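Engineer: Residue numbers (our numbering), protein chains in the order written: chain E, 50 to 503; chain C, 929 to 1409. Note that CB positions come from ideal geometry on N, CA and C, so glycine has one too. As the structure is a computational prediction, the values presented were derived from the model and not from experiment.
1) Take residue 100 of chain E and list the residues in its own chain whose beta-carbon comes closer than 7 Å to its own, dropping the five residues that flank it on each side.
2) From the beta carbon of residue 95 of chain E, is the nearest beta carbon of chain C less than 8 Å away?
3) Using the three-state DSSP reduction, which class does residue 131 of chain E fall into: helix, strand or coil?
4) Got a sec, what are the start and stop residues for the alpha helix (DSSP H) residue 264 of chain E sits in?
5) With residue 454 of chain E and residue 500 of chain E assumed to form a contact (beta carbons below 8 Å), what rounded beta-carbon distance in angstroms separates them?
6) In terms of alpha-carbon separation, which member of E/192, E/83, E/184 lies closest to residue 422 of chain E?
7) Which whole runs of the alpha helix (DSSP H) in the region 1254-1332 of chain C are 4 residues long or more, in chain order?
8) Let me confirm a value: residue 416 of chain E is counted as buried when at least 16 other C-beta atoms fall within 10 Å, else exposed. Which label applies?
9) Measuring CA to CA, which of C/1287, C/1240, C/985 is closest to residue 1267 of chain C?
10) Terminal residues of the continuous alpha helix (DSSP H) containing residue 940 of chain C?
11) Terminal residues of the continuous beta strand (DSSP E) containing residue 375 of chain E?
12) Excluding the 5 residues flanking residue 966 of chain C on each side, which residues of the same chain have their C-beta closer than 7 Å to its C-beta?
13) Got a sec: does the ligand HEM put a non-hydrogen atom nearer than 7 Å to the Cβ of residue 1158 of chain C?
14) Quick one: complete alpha helix (DSSP H) runs, 4+ long, within the region 1113-1179 of chain C?
15) How is the beta strand (DSSP E) around residue 1187 of chain C delimited, first residue to last?
16) What is the rounded straight-line gap between the Cα of residue 342 of chain E and the Cα of residue 367 of chain E?
17) Tell me, please, which residues DSSP counts as bridged to residue 190 of chain E.
18) Can you pull out the residues from the region 72-89 of chain E whose beta carbon lies closer than 7 Å to at least one beta carbon of chain C?
19) Who pairs with residue 279 of chain E in a beta bridge, going by DSSP?
20) For residue 115 of chain E, which of E/292, E/55, E/326, E/420 has the nearest alpha-carbon?
21) Extract the residue ranges of the beta strand (DSSP E) inside the region 99-148 of chain E, only unbroken runs of 3 or more that lie entirely within it.
22) At a Cβ cut of 9 Å, what residues of the region 984-1000 of chain C count as close to chain E, listed as they run along the chain?
23) Pick helix, strand or coil for residue 1043 of chain C, following the three-state DSSP scheme.
24) If we define contact as Cβ-Cβ less than 8 Å, is residue 108 of chain E a contact residue for chain C?
25) Given that a residue counts as buried once 16 or more other Cβ atoms are within 10 Å of its Cβ, and exposed if not, what is residue 441 of chain E?
26) Just to confirm, are residue 1107 of chain C and residue 1074 of chain C a CB contact at a threshold of 8 Å?
27) Contact criterion: CB-CB distance below 8 Å. Does residue 62 of chain E meet it with respect to chain C?
28) Quick check on DSSP: helix, strand or coil for residue 1026 of chain C?
29) Find the residues of chain E that neighbour residue 1083 of chain C, judging by a C-beta separation of less than 9 Å, and give them in chain order.
30) Against residue 113 of chain E, what residues of chain C qualify as contacts under a CB-to-CB distance less than 9 Å, listed in chain order?
31) Between residue 1101 of chain C and chain E, is there a C-beta pair that is closer than 8 Å?
32) Using a Cβ-Cβ cut-off of 8 Å (strictly less than) and excluding sequence neighbours within five positions of residue 171 of chain E, which residues of its own chain qualify?
33) With DSSP as the reference, label residue 502 of chain E as helix, strand or coil.
34) Taking the Cβ atom as the reference point for each residue, do residue 246 of chain E and residue 217 of chain E lie within a distance shorter than 8 Å?
35) What are the partner residues of residue 424 of chain E, as DSSP defines its beta bridges?
36) Roughly how many angstroms separate the alpha carbons of residue 1010 of chain C and residue 1395 of chain C, rounded to a whole number?
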């Protein structure tokens, strides 16, 4: 597909790298020639220096032949304008990043009037993900399928757990729960397990289950499942705002620390129920005074990755039982601090990239199925996705044991009439089913991609 | 420096050269010449060595600017060495130095020859000589990028290192498509010239060689008098085509494959290029009018020589060494200007001249208004300050290398300064003939071995725009990290 990307910051570059890997033709527009230089040096894309909302610049980037425009500059207004022009000039689909809460609340109107195909708000999405984690603190990452009916949970097997040293076949016998282990990460290694695979303490495993089954499962293996009652947030940016709003609506107490007094005043105006502390969030005395050692959860949302990591390390030291969520902008930090088991890491730009990729892949395929959701798990080495199967897909009405699937592909779950079940060898995929596929391969866009090519 | 990837890509290049060597074999079969066997031997050797080098794939196919530069420079050296060996094996050019000179001159589209009489050569060797022009014109790396699927955005480094011009812009989002589009245009235009020349009644063998020579803006002919014995119409066809091959290929892309055809007129470089040609033709015509029987003939020969020199082709219809000094002066000037960036031609490039002229003007204005801020525009768009300083540095490097080469050529006391000066000018800018003892009717055979190697270096440096070849002499680049 031919895609034009306006704005090449953190999010822009993540999207470029993913889309290039999937083989799309990409033109990048940015006002900064240095940025364009860098990106054309490291990726096979065409770069155009200029304002993405200028018709002549868009024309130079080839807007007339484009299928999709993704506007992810810093400015919401510029994004909207670029999309509007692209729509008129190239009649392509458009995706805009809109993160100003004022615009975001009027999203329905904006989308309709400007003919946007999709809007993304990385901060809002990140906040939703953090909120999910705080309501289920044992997991380090939670993604949802089938509009929230099915969850994909990642968690680390604690020392002394009954899961330590158990094979998956035994696990099924021992713990009767409708739960499927779909990925196991041990150090750098990631595998999609089979029945003989053995779990160890310290492994990060991903499981797929319906919400109540997951709860049941965690209860049986002796892991806490109730949500947190209060949270402490350092850094009062947009994510903090969305997160506080979300948590308060679920009755969770929120305390936000920010050292910018004007921002604090704004927040207290926007979030009447929250406690806003004006002060330096990196000051340990202040943190102790505000009760870092007793809070049930601690979320670091400052703009500096290193600061967030050190704050989380401090929180873990003071309060080992608290659920800790750390926001970082760079993925590279993950592999460095992975061994500290710091809890959950949140990458707003990855969440955005997932959204967009899901849309791109869904645009690409029209045969047999629709991609509904797409997640990256286990340090982006595994993809989990959900397809809705239509009548002409080549996978229907054949027992799964007889389907010739590629290696590294797992049909994890089938959702039929709102109920999820874990498929066996004799199960068949029927028209209208939602199928969750987990794979170490990349670039699937259609359910037929799971089959071997003949 | 990541040696694995360098070895691997060089292997790929040799495999491609093996395939290219098959073409002269076909010509040899038609003419039933015994010299053909040398090309068969070399095709097989290239394939063998290439396969050996590519047998083990490097772990990482990732590389950066430094590897890109080294790969490009070494590729050109290696294809030249392998491309020279057939001449040595079949005794058409028995001395290795001479064969290498001829082949480098071919690949770099220079067209400077050490042959006393080209008509003595076998057809198969003549064909290969001209075919190297065609391959070198658009570049063998670009060819590789067009046909081999290579992963990664790093390919842009390779293409940048081989494509002439102060800045490199892709015309399609992907390197491979960009390379393929360029080659398609190049191939199409070459075929067009072949067909038109065939219709004009030229012998088919000459047609092929002359078309290759003009497409790559090379300049090897197959007759002793270059293009002098062809009809006026045929010469005019060649004039038109070499002029076209000296135009930035992006212009053809816009004209043929995009909807917005008017954008082509925005190109300042193409405008100046055509203007310079027109001005030079007018000046020379006035200057040489008296020595031709009609005004038409004067214009005709002025046009041919001007087009041939500015595009750095180097064909000739008359011996311009006999022309008045003013005309020769203009031609030497044109040698330095060269063709457009992004064309198959060499030289300093019209776009660089434009940028330099504009920065000189800006400097003058700055003396009047010391605090004035002004940017340099090209095609109506602001040129990066990096590009502007890049051009100045390029000029400095160019001048140093140029002067050093002249000095080295004077060491052997064989020729006068005009000869040495124009010999360097003609090879460094990839033109071919110079003046005096290396004029259009003479050749480089009597140069000393040292001079020949200096000129070979100049040809490679000129074709690859100095830096890739110079990088080979920076010791630091050979360190592992």
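Structural biologist: Taking the coordinates as given:
1) 80, 106
2) At least one CB of chain C lies nearer than 8 Å to the CB of residue 95 of chain E.
3) helix
4) 260-269
5) Rounded to whole angstroms, the Cβ separation of residue 454 of chain E and residue 500 of chain E is 6 Å, and the two are in contact under 8 Å.
6) E/192
7) Listed in chain order, the complete alpha helix (DSSP H) runs (minimum 4 residues) inside the region 1254-1332 of chain C are 1278-1296.
8) Any reading at residue 416 of chain E must be qualified, since the residue scores a pLDDT of 48, below 50, and its modelled position is unreliable; the value itself is stated next. Exposed is the call here.
9) C/1240
10) 931-959
11) 372-376
12) 1014, 1017, 1018
13) For the structure depicted, the ligand HEM is absent and the ligand set is empty, with no information on it obtainable.
14) 1132-1143, 1160-1173
15) Residue 1187 of chain C -> no beta strand (DSSP E), and no H or E assigned at all.
16) Note on geometry: alpha-carbon atoms of residue 342 of chain E and residue 367 of chain E lie some 5 Å from one another.
17) E/203
18) Answer in chain order: 74, 75, 76, 82, 89.
19) For residue 279 of chain E, which the question treats as bridged, DSSP gives the partners E/302.
20) Ranking E/292, E/55, E/326, E/420 by Cα distance to residue 115 of chain E puts E/55 first.
21) 117-120, 142-146
22) 992, 993
23) coil
24) By the rule that beta-carbons nearer than 8 Å mark a contact, residue 108 of chain E touches chain C.
25) exposed
26) The answer is yes: Cβ separation under 8 Å.
27) No, no contact with chain C.
28) DSSP places residue 1026 of chain C in helix when its eight states are reduced to three.
29) 93
30) Ordered by position in chain C, the residues that pass the 9 Å Cβ test against residue 113 of chain E are 1186, 1187, 1188.
31) yes
32) 60, 146, 148, 397, 398, 400, 401
33) coil
34) yes
35) E/433
36) 23 Å
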